[in-house]
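Quick note: the sequence shown uses the working numbering, first residue -8, plus one each step.
A virtual CB, placed ideally from N, CA and C, is assigned to each residue, including glycine.
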Amino acid sequence: MTIRNRLALRFTGLVSSIILLAFVSIYAFCSYFISSDFYRRLDNKANTMGDMLIRHRLDAPLIQQLSRIRRDQLPNQKISVFNNRDSLILTTNEGLSLPLSAKILTEIRQRKRKDFQQQKYYVSGIRFMTASGQFVVIASAENTYGDAFLRRLIWALTGLFCLIAGITAFSGWFFAGDALEPMQKIDRIVNDIFPHNRDERLVVNREGDEISRLSATINRLLDRVVESFRMQRMFVANVSHELKNPLTQISSQLEVSLLNQRQPEAYRQTIRSVLDDVGDLASLTRELLQLSQVNQEDATDLLTDVVRLDEVVWDIRQEVTAINPRYQVIVELGTLPDDPDKLTLHGNKTLLCTALKNLIENACKFSDDGRALIDVAFGDDRITVRIQNNGQAIPAVDQPYIFEPFYRSRQTAEVRGYGVGLSLVERIVRLHGGQISVFSQEGQTTVFRVELPR
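The following block contains the structure:
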């Protein structure tokens, strides 16, 4: 069932319930008022008959004669008087039979008065106390006009209820469709966005209602999806390009080696060159695997180590200086805190080592003198690592893209690498809940700043 039909049904059910309750209340009030008024008139008839017969002791035949000639009689009116032995001493309208049990007469004597219905007649009984005993006067009649009015009223209310329910159902269906029109428009636009027009976005109204907030959320989602597609295309293109070069070189060298018979030394040179290209492929594959394994969803399973960052920095210094004799890494830890726990943070030691090693190795690689300065500051709630060198400044146009996979500026294109390192560093820092930023201007040192929460 569609939301439109469901809303229409619920709206119709709610309004119909309220109308039904109101109509039932109206009918119950009218029925109670009409019956109470008719019982009051019957009581007056019974009291009048009791006064004439019992208290004023008028002759019974005279009373019967008066009853026949009076014109204010109720439809099928009948009045009966019983003595203390339940014997009938007077009755009017002898042709009408209305049997009354002794139990009813006893109940009237006990309660002094009783109003009830028997068959189609309304009956009112009253007790009269005299010196000779208890008399019971019973007046009965048909409420012809009142019952007819109630029958017409129930038919009128039933027809009116059906009409209101129908109007309510149509109105609910119409207004639900009007309210859901923006949702249907959103559905049409989103269906047209992919794959036809990825730059199109939903219109966000200024009212700030639920539809506007939903549209803004969908627009942000579309932005992330488009960015993901862009990154994916760039990733595939760059990976294809990086894999194509060594594979082409390997294929070319092997084909050239097979063209003519050569000396063993030539074959050895070809094999060494192929091994270098295979090593490049292995290195690229390893970096791609590292990049794919660092996901934000795995943070809970990965960040289980207690890492002393000062020890990590000294270990990385030793590893980087062993890579190239030209590299020099200077570590400044500043003032160490008295509490050793402030030197530690929760994370993944292997990933942190990988991130800091990439940053320090890049600092040495792109430094004019091969030197890199590492400054570590230990705070109460975070640890800040600053890696700086004296190399050429990173162009301002390249700085927003240096953390994207495979992005390489003109400055770094001449240096051996694949453009994966900084992207891997950024993912590792973000996985630890930290932030990484870069400051680089002409004539000043280039500084990479990493902030990690403790």
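- For the pair Arg142 and Asn84, the Cα-to-Cα distance works out to about 27 Å.
- Put simply, the backbone Cα of Gln64 is about 13 Å away from that of Phe29.
- The way I'd put it, the segment 89 to 107 does touch the segment 122 to 141; three or more beta-carbon pairs between them come closer than 8 Å.
- Residue burial annotation: Tyr258 is exposed, with fewer than 16 other C-beta atoms found within 10 angstroms of its C-beta.
- Across the structure, Lys69 and Gly116 are spaced so that their CA atoms are roughly 12 Å apart.
- A contact is defined here as three or more CB-CB pairs under 8 Å, and the segment 291 to 309 meets this definition with respect to the segment 331 to 345.
- The beta-bridge partner set that DSSP reports for Tyr112 consists of Gln109.
- Looking at the DSSP output, Ala132 sits in a beta bridge with Tyr113.
- Apart from sequence neighbours up to five positions away, the residues of its chain that approach Phe2 with a beta-carbon distance below 6 Å are Gly163, ordered along the chain.
- The residue among Arg421, Val181, Val429, Gly424 with its C-alpha nearest the C-alpha of Ala387 is Val429.
- Scanning Asp366, Ser16, Asp214, Phe165 for the CA closest to the CA of Asn188 turns up Asp214.
- The segment 327 to 337 makes contact with the segment 364 to 376, as at least three CB pairs between them are under 8 Å.
- Cβ-Cβ distances below 6 Å link Ile209 to Leu193 in the same chain, with the five nearest sequence neighbours on each side left out; the list follows chain order.
- The DSSP-derived three-state label of Lys69 is strand.
- Contact check for Gly137 against Ile25 passes: the beta carbons are separated by less than 8 Å.
- Minimum Cα-Cα distance from Leu415 among the listed residues Ile385, Asp360, Leu350 corresponds to Leu350.
- In the assembly as shown, Tyr392 is an exposed residue. Its beta-carbon has fewer than 16 other beta-carbons within 10 Å.
- Here DSSP, grouped into helix, strand and coil, assigns Gln101 to helix.
- Within the model, the alpha-carbon separation for Ala139 versus Ile177 is close to 57 Å.
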